[in-house]
Amino acid sequence: MRFMMIVKADQRSEAGILPTEQELADMAKYNEQLVKAGVLLAGEGLQASSKGARVRFSAGKPSVIDGPFAESKELIGGFWIIQAKSKEEAVEWARRVPFVDGEIEIRQVFELEDFGPGEAVEHHRRLFEQVAKR
């Protein structure tokens with residue numbers, strides 16, 4: 067099972083304040099643990115929402131809203147995607163994140179096998195195979 071560990075944005079990340087050298091070092095040690103355990107699939111920090119945009123759809127028509135966005139606690143500041151045997155294992159990995167303050171939301175990622183068989187699922191499978199070859 068794959069899980070996304072979503073780091074909630076905060077006032078510092080939304081202000082564009084970068085982590086300190088010590089915070090980066092602590093995070094590198096944590097990420098190294100994930101790598102050594104063979105569970106890390108991806109992980110990145112995100113720029114402040116002031117550098118982003120949202121595309122909102124209404125009645126099938128898209129509109130673009132440029133950042134920044136209000137309510138930093140509802141924004142994503144970064145993420146990891148990990149391979150874990152259970153939600154409980156993913157929670158244990160999240161508990162080890164070297165944060166003093168903050169919040170991490172854990173969500174299971176859908177797998178193609180979660181959907182019934184069909185041509186659309188097979189189409190997605192072929193696309194993901196193409197991506198994996200890159």
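Residue numbers (our numbering): 67 to 200. For glycine and all other residues, C-beta sits at the position ideal for the given N, C-alpha and C.
For the pair Val197 and Pro128, the Cα-to-Cα distance works out to about 27 Å.
In the three-state reduction of the DSSP assignment, Met67 falls in the coil class. Around the beta-carbon of Ile170, 16 or more other beta-carbon atoms lie within 10 Å, marking it buried. The beta carbon of Ala81 sits closer than 8 Å to those of Ala114, all from its chain and outside the five residues before and after it, given in chain order. In this structure, the beta-carbon distance from Arg68 to Val187 does not fall below 8 Å. Apart from the 5 residues on each side of it in sequence, Tyr96 sits with its Cβ closer than 8 Å to the Cβ of Arg162, Val163, Pro164 in its chain, given in chain order.
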